[in-house]
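In the numbering used here, the protein residues as written are 47 to 119.
All C-beta atoms in this analysis are idealised placements derived from N, C-alpha and C, irrespective of residue type, glycine included.
Here the structure is laid out as structure tokens; the discussion comes afterwards.
Okay, here's the thing in structure tokens:
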């Protein structure tokens, strides 16, 4: 799966909302306690951890590549 983001980064809580895993940013804390979120192979340290274009994110068993909305192929 490929997700495009605006700007140079997005917080884990915003990212989880964008991919419809949670409904509110506050729900990210509970989600991170009960699920596995890895960014480039490292477990996310909290809901404020930044995700940047080019990062590979695992949410449980789902692989997500993060790209900038400005990238063109």
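| task | Compare the Cα-Cα distances from residue 93 to each of 70, 112 and 102 and report the closest residue. | result | 70
| task | Drop a sphere of 10 angstroms on the beta-carbon of residue 112, count the other beta-carbons inside from all chains shown, and report buried for 16 or more, exposed for fewer. | result | buried
| said: Using C-beta distances below 6 Å, list every residue in its chain close to residue 81, excluding the 5 sequence neighbours before and after it, in chain order. | reply: 106
| task | Starting from the N-terminal side, write out each stretch of the alpha helix (DSSP H) that is 4 residues or longer and does not extend beyond the region 59 to 100. | result | 74 to 80
| task | Inspect the beta-carbon positions of residue 49 and residue 64 and report whether they are closer than 8 Å. | result | yes
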